[in-house]
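In the working numbering, the protein residues as written are 1 to 359. No residue lacks a Cβ here, since even glycine has one placed at the ideal position from N, Cα and C.
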Amino acid sequence: MRERMMWRTKPMLVMALSSMWILVSGVLAAPQEDKRKLAITGPTAADADFALQGEYLGRMPGRGFRRSSLGLQVIAMGDGAFSAVLLAGGLPGAGWDRATRHSLEGNRKEDLLSLASTQWSASVRDGRATIHGSGGGVVAVLNKIHRVSATLGARPAADATVLFDGTSVEHWRDAKVTEDGLLMAGVMTQMPVQDFYLHLEFRTPYMPYARGQARANSGVYIQRRYEVQILDSFGLKGVGNECGALYRQQQPDLNMCFPPLSWQTYDIQFTAAQWNTAGEKTANARLTVLHNGEPIHSDRELSNKTGAGKPEGPEPLPIYLQDHGNPVQFRNVWISFDPATAQPAQRCRLFRRRLLWRR
């Protein structure tokens, strides 16, 4: 598909959103001896490492079709330590070949981040990543970008029920809302569900010291049985317990995780399991999931409940947004019970300074 370029007259503004979890300047207070629980819910409260973390994209030298893109995902690990992955072809969902990835490690000294592996090295500063080959020569210069899901801000379908738009929690049990109108994890819909199309937007906190399942954990439990995992899995491989996975049952086709504190989207089309009058299952549940506008599960069959989900059965159950102890936040949540009316575009937008690329 051809690239379209449009110049924007104003740079994209990043809004810092506060939260009821914020106790001191956007930081969820943690004991001094356990930094792993530190959770930052707004960009203005983040440390110097946060400014370097993120996605970088550029092209290697060459002409015409010989020019190939490189993507770099830089992950803050706390106290100036970083890991990163260099991706051939571009970024996930934006050119990456889905196979070639090189891991790098490094540290920040003042405003310069130096990363290295046996084959590659990178210097990151002021929104640019300079990539060097094993011989020391410059291979490419990448620019920091901020990606936005194609379905971010999606308007409800004509027949949809708006579950949460920041003004009411009438459709939820045990709902808690931040001062700036964001829904907190740990809530369940009042209504049970069968077949549906669900759109929701979520934001994971910045937890640089946390690792694995302790790093911004939540999940969308469909019928309280089938979990689509939410986790800060930015830069990881996308295995069966990471973001987008059908927890411990099926890994996503692609890890489409954006960096923490970015608004992300799930668009989920679900068909419930079928049962006969004797209570025997005659057809498995199926679902399609778009993460940040890209398909990560396509008409996937669910052979059983996932992880700690409720046992399967013919009775419909609610949707649960899991509270796993981390301040994951939600907004713009709506559901349609006629899935055919709500098919989102499957394109992502790339913002780089004033330049907009649309795939």
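key: Cβ-based burial, A340 [other Cβ within 10 Å; buried from 16]   = exposed
ask   = Taking C-alpha atoms, which residue in G307, K305, P43 and N241 lies nearest to D232?
value = Looking at the Cα atoms, N241 is the closest of the given residues.
key: Simplified DSSP state of L254, which is helix, strand or coil   = coil
key: As assigned by DSSP and simplified to three states, the class of G95   = strand
query = From which residue to which residue does the beta strand (DSSP E) around F330 run?
reply = Q329 to S336
key: Endpoints, alpha helix (DSSP H) assigned at F196   = Where F196 is concerned, there is no enclosing alpha helix (DSSP H), although the beta strand (DSSP E) it sits in stretches over F196 to R203.
ask   = Going by alpha carbons, who is nearest to D97 out of S134, D253, K109 and G106?
value = Distances from the alpha-carbon of D97 to those of S134, D253, K109 and G106 put D253 closest.
key: Cα-Cα separation, S378 to G90   = Nothing in the structure corresponds to residue 378, since the chain is present only between 1 and 359.
key: Residues near G181 in its chain [Cβ-Cβ closer than 6 Å; skip 5 each side]   = G166
request  = Take P92 and list the residues in its own chain whose beta-carbon comes closer than 7 Å to its own, dropping the five residues that flank it on each side.
outcome  = Scanning its chain for C-beta atoms nearer than 7 Å, with the 5 sequence neighbours on each side dropped, one finds around P92 the residues L254, N255 and M256, in chain order.
task = May I ask you to report which of helix, strand or coil DSSP gives D299?
result = strand
Outcome for A150 when other beta-carbon atoms lying within 10 angstroms are tallied against a minimum of 16 = buried
key: Secondary structure, alpha helix (DSSP H): runs of 4+ residues fully inside the segment 37-61   = 48-52
message = Quick test of your reading: H132 and V124, contact by CB under 8 Å. State the CB separation rounded to the nearest angstrom.
response = That pair is no contact at about 12 Å.
ask   = Would P208 pass as a contact of L38 if the rule is Cβ separation under 9 Å?
value = Yes, Cβ-Cβ distance for P208 and L38 is below 9 Å.
ask   = Cβ atoms of N284 and L302: under 9 Å apart, would you say?
value = yes
request  = Counting only the same chain and skipping the five closest in sequence on each side, list residues whose C-beta sits under 6 Å from that of D267.
outcome  = Here the set comprises T151, H199, L290 and P344.
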